[in-house]
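Numbering (UniProt numbering), first residue to last: 1 to 140.
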Amino acid sequence: MAKIDFTGLVPDFIETNEVDWQSWLTQCVEERSYRVGRLVYHFVDDLQIQEINQSILDHDYPTDIITLDESRTDRLRVELWIGVDFIERSAKEYSVALEAEFARVLVHGLLHCMGWDDKSIEERDQMRAEEDKCLIWRPK
Numbered sequence: 001m002a003k004i005d006f007t008g009l010v011p012d013f014i015e016t017n018e019v020d021w022q023s024w025l026t027q028c029v030e031e032r033s034y035r036v037g038r039l040v041y042h043f044v045d046d047l048q049i050q051e052i053n054q055s056i057l058d059h060d061y062p063t064d065i066i067t068l069d070e071s072r073t074d075r076l077r078v079e080l081w082i083g084v085d086f087i088e089r090s091a092k093e094y095s096v097a098l099e100a101e102f103a104r105v106l107v108h109g110l111l112h113c114m115g116w117d118d119k120s121i122e123e124r125d126q127m128r129a130e131e132d133k134c135l136i137w138r139p140k
């Protein structure tokens, strides 16, 4: 059974439209010939994401997203930690609507689990284009 959960410091605009956000994420996955098994988005503050970043990746700083992909097939089983404070700062810094920045980060993590990467400039451009395709139908 497909399941998407949001836990922790979930922004109000996601919490009040949870079904729309779940449907949108499912559509982003299915349009790329994958299926949702279980996705858990943990919304955390700077301190928590920095601790997770340190323990999982040995990086001692906050970040926007950390993805732990436990998928074995095309059925995604993923835990994603979302740095709420980091994303709020990024939205202000780049003059982007908060909802749009959260949407981009949420789908960015999924794209990594479906084979997209962002290590090179070319990969980053391809991933950004794929994010943009998903963002067309994001909940408003």
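Idealized CB from N, CA, C, for every residue including glycine.
| Item | Value |
| --- | --- |
| What residue ranges within the stretch 10–68 form continuous beta strand (DSSP E) runs of no fewer than 3 residues, ordered along the chain? | 35–44 |
| For Glu130 versus Leu111, is the C-beta distance shorter than 8 angstroms? | yes |
| Mapping the DSSP letters down to three states, classify Arg5 as helix, strand or coil. | Reading off the sequence shown, one finds Asp at residue 5, where the question assumed Arg. Reduced to three states, the DSSP call for Asp5 is strand. |
| For His94, count neighbouring C-beta atoms within 10 Å of its own C-beta (all shown protein chains included) and say buried if the count is 16 or more, exposed if not. | According to the sequence as given, residue 94 is Tyr; it is not His. Per the 10 Å Cβ criterion, exposed. |
| Can you grab the Cα-Cα spacing for the pair Met1 / Arg75, in whole Å? | Its pLDDT being 49, under 50, Met1 is placed unreliably in this model, and the value from its coordinates should be taken loosely. Approximately 10 angstroms between the Cα atoms of the pair. |
| Looking at the structure shown, is Glu70 part of a helix, part of a strand, or coil, going by DSSP? | coil |
| Report yes or no: do three or more beta-carbon pairs, one from the stretch 55–68 and one from the stretch 17–31, lie closer than 8 angstroms? | no |
| Can you tell me whether Gly8 is buried or exposed, with buried defined as 16 or more other CB within 10 angstroms of its CB? | exposed |
| Can you pull the DSSP bridge partners for Val78? | Leu39, Asp69 |
| Give the secondary structure of Glu131 by DSSP, where H, G and I count as helix, E and B as strand, and everything else as coil. | helix |
| Quick check: the Cα distance between Ile56 and Lys119, rounded to an integer number of angstroms? | 19 angstroms |
| What residues match up with Gly83 in a beta bridge as DSSP calls it? | Val44 |
| Where does Lys140 land, buried or exposed, given buried means 16+ other C-beta within 10 angstroms? | exposed |
| Could you check which residue in Val19, Phe43, Ser33, Tyr34 has the C-alpha nearest to that of Ile87? | Phe43 |
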